[in-house]
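*Asks:* Numbering (full-length UniProt numbering), first residue to last: 1 to 267.
Backbone N, C-alpha and C define an ideal beta-carbon position, used for all residues, glycine too.
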């Protein structure tokens with residue numbers, strides 16, 4: 001579009017514009033350029049200014065409308081005639097002017113079409129970007145899971161973090177990194193990740209019970225009980241599982257996960 005604006009200039013080059021303007025300004029001495037011809041030319045200038053502003057706008061709808069109008073002007077056959085005595089006469093297609101007037105009387109028609117096209121393009125681009133991010137996140141997660149099962153928890157944290165850079169709406173990823181922090185004894189960091197997992201899904205049983213375990217390890221008995229109670233309230237179908245978790249937690253002098261138990265909890 002920029003190339004078209006520079007090369008075509010919507011039917012007028014700078015010399016032609018200068019000639020017409022000079023002719024009009026000296027109209028007392030030279031009547032070859034009529035009032036009507038000048039008004040036709042000024043209409044074109046106004047249209048071009050409008051289009052340039054729309055193309056430079058940050059609003060997608062304005063840009064679409066500007067492109068549409070510019071294409072219409074460029075496709076229109078604008079004639080410039082030179083008389084026998086060398087005077088330039090600009091002729092404007094009145095049908096085109098009337099067409100613009102009709103379209104401008106119903107501005108929603110173009111804006112809605114432009115909006116639909118922009119939404120479709122944006123939706124497709126977002127879907128493609130989301131797909132690519134999810135694929136990268138899944139790759140990082142697999143590497144993190146492998147490192148976790150090999151007890152390389154620092155590496156696991158690194159790759160779960162990389163996965164979370166790609167998508168932050170996965171409770172699985174937050175829980176997996178929380179478990180890695182727990183194996184490293186970093187319970188405060190693990191609690192933060194559990195909180196993020198609960199923002200994604202407030203009923204996530206792993207995040208609730210891991211939070212209870214972290215508080216137990218930090219000596220926060222009341223908070224530990226609160227999270228167990230929350231797990232019961234938000235997961236009524238898992239009462240037996242929660243009761244077993246609570247018994248095991250109470251029987252542990254230091255509530256650290258065994259390697260086998262931790263591996264079972266990783267997703």
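Name the residue from 136, 246, 52, 125 whose alpha carbon lies nearest to the alpha carbon of residue 232.
*Replies:* Minimum Cα distance to residue 232 is reached at 246.
*Asks:* Which whole-angstrom value is the C-beta distance of residue 180 and residue 140, which I expect to be below 8 Å?
*Replies:* Residue 180 to residue 140, Cβ: 13 Å. No contact.
*Asks:* Within this structure, are the beta carbons of residue 201 and residue 171 separated by less than 9 Å?
*Replies:* Their beta carbons are under 9 Å apart, which means residue 201 touches residue 171 by this criterion.
*Asks:* Reducing DSSP to helix, strand and coil, say where residue 129 ends up.
*Replies:* It is helical.
*Asks:* Whole angstroms are fine: how far does the CA of residue 132 sit from the CA of residue 47?
*Replies:* The straight-line gap from Cα to Cα measures roughly 42 Å.
*Asks:* How about residue 178 and residue 163: are their beta carbons less than 9 Å apart?
*Replies:* Their beta carbons are not under 9 Å apart, which means residue 178 does not touch residue 163 by this criterion.
*Asks:* Cα separation between residue 198 and residue 208?
*Replies:* Their Cα atoms are separated by approximately 8 Å.
*Asks:* Using CA coordinates, which residue listed in 148, 205, 221 is at the minimum distance from residue 184?
*Replies:* Of the listed residues, the one whose Cα sits closest to residue 184 is 148.
*Asks:* If you reduce the DSSP assignment to three classes, tell me which class residue 146 lands in.
*Replies:* Residue state, collapsed to three classes: helix.
*Asks:* Distance check for residue 58 and residue 122, CA to CA, integer angstroms please.
*Replies:* Their backbone Cα atoms lie some 15 Å apart in a straight line.
*Asks:* Within the same chain, show all residues whose beta-carbon is closer than 6 Å to that of residue 77, passing over the 5 residues directly before and after it, in chain order.
*Replies:* Reliability fails at residue 77, whose pLDDT of 44 lies under 50, so the model's placement of it is uncertain and no value is given.
*Asks:* Restricting to Cα atoms, I'd like to know which of 176, 166, 203 is closest to residue 237.
*Replies:* The residue with the shortest Cα to Cα distance from residue 237 is 203.
*Asks:* Just the C-alpha distance for residue 216 and residue 129, rounded to the nearest angstrom, thanks.
*Replies:* Distance between the alpha carbons of residue 216 and residue 129: 41 Å.
*Asks:* Please report the straight-line C-alpha distance between residue 244 and residue 267, rounded to a whole angstrom.
*Replies:* The straight-line gap from Cα to Cα measures roughly 20 Å.
*Asks:* Residue 193 lies in the alpha helix (DSSP H); which residues open and close that run?
*Replies:* That run of the alpha helix (DSSP H) goes 187-200.
*Asks:* Between which residues of its own chain and residue 155 is the CB-CB distance below 6 Å, once the five residues before and five after are set aside?
*Replies:* Only 147 meet the Cβ criterion.
*Asks:* On the three-state DSSP scale, how would you describe residue 232?
*Replies:* In this structure, residue 232 counts as helix in the three-state DSSP scheme.
*Asks:* Quick one: is residue 125 buried, meaning 16 or more other Cβ sit within 10 Å of its Cβ, or exposed?
*Replies:* The residue is exposed, with fewer than 16 neighbouring Cβ atoms inside 10 Å.
*Asks:* With a threshold of 6 Å on Cβ separation, who are the neighbours of residue 193 within its own chain once the five nearest residues in sequence on each side are excluded?
*Replies:* Here the set comprises 174, 177, 178.
*Asks:* Put residue 46 into one of helix, strand or coil per three-state DSSP.
*Replies:* Residue state, collapsed to three classes: helix.
*Asks:* Is residue 101 helix, strand or coil by DSSP?
*Replies:* The pLDDT assigned to residue 101 is 45, lower than 50, so where the model puts this residue is not dependable; a value taken from the coordinates is nonetheless given after this. Helix.
*Asks:* If we call anything under 9 Å between Cβ atoms a contact, is residue 54 one with residue 44?
*Replies:* No, Cβ-Cβ distance for residue 54 and residue 44 is not below 9 Å.
*Asks:* Below 8 Å on the Cβ atoms is my contact criterion, and I expect residue 228 with residue 205 to pass it. Report the Cβ-Cβ distance as a whole number of Å.
*Replies:* About 11 Å separates the two Cβ atoms, so there is no contact after all.
*Asks:* Determine the burial state of residue 211: buried for a count of at least 16 other Cβ atoms within 10 Å of its Cβ, exposed for fewer.
*Replies:* With 16 or more Cβ atoms within 10 Å of its Cβ, residue 211 is classed as buried.
*Asks:* Alpha carbon to alpha carbon, what distance is there between residue 136 and residue 168?
*Replies:* Roughly 13 Å between the two C-alpha positions.
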